[in-house]
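Each residue of the sequence shown is one higher than the one before, starting from 7 at the first, in our numbering. In what follows, a single structure is set out as structure tokens and then discussed.
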Amino acid sequence: MMAVIKTIESTVSSTPLGPAANEKDAEKLRFIEEMTADADAVQEKVLSEILSRNAKTEYLERCKLDGATDRECFKAKVPVVTYEDLQPEIQRIANGDRSAILSAHPISEFLTSSGTSAGERKLMPTIKEELDRRQLLYSLLMPVMNLYVPGLDKGKGLYFLFVKSETKTPGGLTARPVLTSYYKSEHFKSRPYDPYNVYTSPTAAILCADSFQSMYAQMLCGLYQRLDVLRVGAVFASGLLRAIRFLQLHWEQLAADIASGTLNPRIGDPSVREAVSDLLRPDPELAQFVTFECSKGDWSGIVTRVWPNTKYLDVIVTGAMAQYIPTLEYYSGGLPMACTMYASSECYFGINLRPMCAPSEVSYTIMPNMGYFEFLTIDAAGTCGAATPQLVDLAHVEVGKEYELVITTYAGLYRYRVGDILRVTGFHNSAPQFRFVRRKNVLLSIESDKTDESELQRAVETASELLKPYNATVVEYTSHAYTKSIPGHYVIYWELLEREAGDGKGPVDGEVMGKCCLAMEEAMNSVYRQSRVADGSIGPLEIRVVRSGTFEELMDYAISRGASINQYKVPRCVNFPPILELLDSRVVSAHFSPAPPKWTPHRSV
Ligand code: AMP
7 MMAVIKTIES TVSSTPLGPA ANEKDAEKLR FIEEMTADAD AVQEKVLSEI
57 LSRNAKTEYL ERCKLDGATD RECFKAKVPV VTYEDLQPEI QRIANGDRSA
107 ILSAHPISEF LTSSGTSAGE RKLMPTIKEE LDRRQLLYSL LMPVMNLYVP
157 GLDKGKGLYF LFVKSETKTP GGLTARPVLT SYYKSEHFKS RPYDPYNVYT
207 SPTAAILCAD SFQSMYAQML CGLYQRLDVL RVGAVFASGL LRAIRFLQLH
257 WEQLAADIAS GTLNPRIGDP SVREAVSDLL RPDPELAQFV TFECSKGDWS
307 GIVTRVWPNT KYLDVIVTGA MAQYIPTLEY YSGGLPMACT MYASSECYFG
357 INLRPMCAPS EVSYTIMPNM GYFEFLTIDA AGTCGAATPQ LVDLAHVEVG
407 KEYELVITTY AGLYRYRVGD ILRVTGFHNS APQFRFVRRK NVLLSIESDK
457 TDESELQRAV ETASELLKPY NATVVEYTSH AYTKSIPGHY VIYWELLERE
507 AGDGKGPVDG EVMGKCCLAM EEAMNSVYRQ SRVADGSIGP LEIRVVRSGT
557 FEELMDYAIS RGASINQYKV PRCVNFPPIL ELLDSRVVSA HFSPAPPKWT
607 PHRSV
């Protein structure tokens, strides 16, 4: 590992966070200090701003706040809600009702969350000025990073960034993921030159909606500028691994383009072709190098071999992404992984003030200016308190305790349960820092997909209908997110009961099982299906049939480890290696989905 965790010696201006790299950074660091010095006061001001500007909205009028903007009134009168509670309002806005339902400011678009409701992405209303707030949080990242990694102005960042498809709601509002909205905004497209934030990827390549063309162009540009690259990243770890996989699959074409200085005809988007042409030149030496490194068959440390000046990986490896840490370590030769921020479609929350710390140590400091934050206490059993849930303010959370995040935003969400469970690890000034513990109710996740227990149950039920003609049933099942190969895929373990053929069609064969795999995929939510179809970031679902009696063995194993026989329930997802080993040793046949499931960008509800 390179010695990059070092404080900058040359002092421009000192803040309690450390000497800043330059005056512009110093200003940003001072802003962090200012916001965290009295987090409670900032929060009070934020709440009062949100409530006063939205006082005349239908929602707040219904809560009978009567213009009150203080915390006591807010807490007494505004209910804590989930997405499902807001569905009627959201649907009206989506259908074109432009009155001030949730927000006094016009809803500019919907951000489609990777969290789903009834199988579709949740629609989060947003307003124009939220882009400024997101931009503000982004602008804090490099000043913090520059405290720990010197010289980032001497090179570039190879970031694999992508847009996804967007749709229109019946009322004509655009609906798209928050990052697509950001990359397509003038904030990103017309960003001023900043030597600390130069990307190897041309903006046109990032904005190309065709994921192959976008990735190809970004990789090609990254290869041409390989010696300039000081950091390699993607938003989530899964995205960076996808890029490495892309290199494994396409290095020959990339090397051929580099050798000849021409661009693969599969890149048909004129704006991408034009952007890449600025860099294109025949470079036989580089082509030979790419061929040499990629044809070896040994991909360990490929990141530092191809981009030897890389100081760190910039990817989120907290939460569901932690499963990718070993694979990323393998490909990067142990480079540090920086998790810089914690954000969502609903609201951008905060940043990591020690971005070079180990992934297991990552804590995010919620910036009190981004929204109004409350915390629902979680009891020892991991459930949110009983009849009267207890909510604690940002400045009053306690170190060591776990909470569910509840937010009130400028865009018109009031006391909205995000579904993230966070643990307080400490404070920066008076602002608490949080470890991301988990997302509630997520059983399986490969990238941004989040499949819960009831979705899995429904998918198994739907698929097992196909077994009926064969007099067979699924007696037990469990699942695992398999991420040892890229892309990862869902593995579902099935134990079957096959009765005597009788009037049935006979034994269940591989073709039927393949159909069951596809039926399960068809039953998954739209984020899963989009990842399968449009992004190729999840591989075909696999059903592993285990021999009869396996799930009883699983129970015996759990009981031998202290589980109560009365309370034992089959785990619907397993990650514990000995249990996976047991299951895998009992597999009698494995089957993959023979085709991608159906998916269109259009919403079904
Ligand atoms: P989305 O609504 O699709 O934008 O997803 C937002 C969710 O992604 C958050 O509520 C978290 O569950 C998860 N997430 C975002 N940032 C992080 C992070 N730094 N670490 C772990 N999980 C994260």
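The beta carbon of each residue, even a glycine, is placed where N, CA and C say it ideally should be.
What three-state label does DSSP hand Ala223 in the structure shown?
-> helix
Let me know if Lys128 comes out buried or exposed under the rule of 16 or more other beta-carbons within 10 Å of its beta-carbon.
-> buried
Alpha helix (DSSP H) segments (min. 4 residues) lying fully within the region 28-96 = 29-43, 45-59, 64-68, 77-83
Report yes if the C-beta distance between Leu449 and Asp458 is below 8 Å; otherwise report no.
-> yes
Just the Cα atoms here: how many angstroms apart are Ala392 and Leu411?
-> Bear in mind that a pLDDT of 49 at Ala392, under 50, signals an unreliable position, so the model cannot answer this.
Tell me, which residues are paired with Ser485 by DSSP?
-> Ile498
Give a single yes or no on whether Cys345 has its beta carbon closer than 7 Å to a heavy atom of the ligand AMP.
-> yes
Given that a residue counts as buried once 16 or more other Cβ atoms are within 10 Å of its Cβ, and exposed if not, what is Gln692?
-> Nothing can be reported for residue 692: it is not among the residues displayed for the chain, which extend from 7 to 611.
Between which two residues does the alpha helix (DSSP H) containing Ser470 stretch?
-> 459-470
Do the CB positions of Tyr370 and Tyr336 come within less than 8 Å of each other?
-> no
Exposed or buried, Gly512, counting other C-beta atoms within 10 Å across all chains shown (16 or more means buried)?
-> exposed
Report all residues from its chain with a CB closer than 8 Å to the CB of Asp289; omit the five preceding and five following residues, and keep chain order.
-> Tyr230, Ile264, Ala265, Gly267
Looking at Asp426 and the ligand AMP, is the gap between the Cβ and the nearest heavy atom below 7 Å?
-> yes
Note the first and the last residue of the continuous beta strand (DSSP E) segment covering Thr333.
-> Run containing Thr333: none in the beta strand (DSSP E); it sits in the alpha helix (DSSP H), 331-338.
Is DSSP giving Arg127 helix, strand or coil here?
-> strand
Quick one: using the 10 Å Cβ neighbour count with 16 as the cut-off for buried, is Thr17 buried or exposed?
-> Confidence is the limiting factor: at Thr17 the pLDDT is only 42, short of 50, which leaves the residue's position unreliable and the question unanswerable from this model.
Same chain only: Cβ atoms within 7 Å of Ala43, ignoring 5 sequence neighbours per side | Asn435, Ser436
Do you know how far the Cα of Glu55 is from the Cα of Lys604?
-> 45 Å
The alpha helix (DSSP H) enclosing Val142, as first and last residue numbers | First, the residue type needs correcting, since residue 142 is Leu and not Val in the sequence shown. Taken as a continuous stretch (DSSP letters only), the alpha helix (DSSP H) holding Leu142 covers 136-154.
Counting only the same chain and skipping the five closest in sequence on each side, list residues whose C-beta sits under 7 Å from that of Ser261.
-> According to the sequence as given, residue 261 is Ala; it is not Ser. Counting only Cβ-Cβ distances below 7 Å, and skipping sequence neighbours, we find Ala293, Val296, Thr297.
Short Cβ contact (8 Å threshold) for Cys363 with Ile413 | no
Would you kindly report the start and end of the unbroken beta strand (DSSP E) that includes Ser105?
-> First-last for Ser105: undefined, no H or E at that position.
Three-state secondary structure (DSSP) of Arg553 = coil
Per-residue burial, Gly425 [other beta carbons within 10 Å of its own, 16 or more giving buried] | buried
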